[in-house]
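The numbering of the sequence shown is the numbering used here, which starts it at 4 and goes up by one. No residue lacks a Cβ here, since even glycine has one placed at the ideal position from N, Cα and C. Below: the structure, in structure tokens.
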Amino acid sequence: MNSTTGQPIQKMSFGRMPKPWASFNLESGELVAIDRVDIGKPAPGKVVVPVHVWVTPKK
């Protein structure tokens, strides 16, 4: 999620929880820093938990 606009940027799969101080490259090649990590609740009968990572572009 883009912290400025609140719009989703892309879907990603992480092997484990992303650290809040980490930065990474998007598919477009843009370097972004993590602002906030929101952890949701799994759907009934599911074990996959939705995680929203809010990012801002790094200059």
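Exercise for review: Would you identify the three-state DSSP class for Pro-21, choosing helix, strand or coil?
Suggested key: In the sequence shown, counting from the first residue as 1, residue 21 sits at position 18. In this structure, Pro-21 counts as coil in the three-state DSSP scheme.
Check your understanding: What does Ala-36 pair with, by DSSP beta-bridge criteria?
Key -> Position 33 of the sequence shown, counting from 1, holds the residue named residue 36. Paired residue(s): Ser-26 and Thr-59.
Practice item. Please check the pair Phe-27 and Val-40, which I expect to be a contact at CB under 8 Å, by giving their CB distance rounded to whole angstroms. Key: Sequence index remark: in the sequence shown, residue 27 carries index 24 (1-based). Sequence index remark: in the sequence shown, residue 40 carries index 37 (1-based). That pair is no contact at about 13 Å.
Review point. What is the DSSP secondary structure of Val-52, counted as helix, strand or coil?
Key: Working through the sequence shown from its first residue, we reach residue 52 at position 49. Here Val-52 sits in coil by DSSP.
Practice item. To the nearest angstrom, report how far apart Gly-18 and Val-54 are at their CA atoms. Key: For the purposes of this step, residue 18 is taken as residue 15 along the sequence shown, with counting starting at 1. For the purposes of this step, residue 54 is taken as residue 51 along the sequence shown, with counting starting at 1. Looking at the two C-alpha atoms, the distance is approximately 12 Å.
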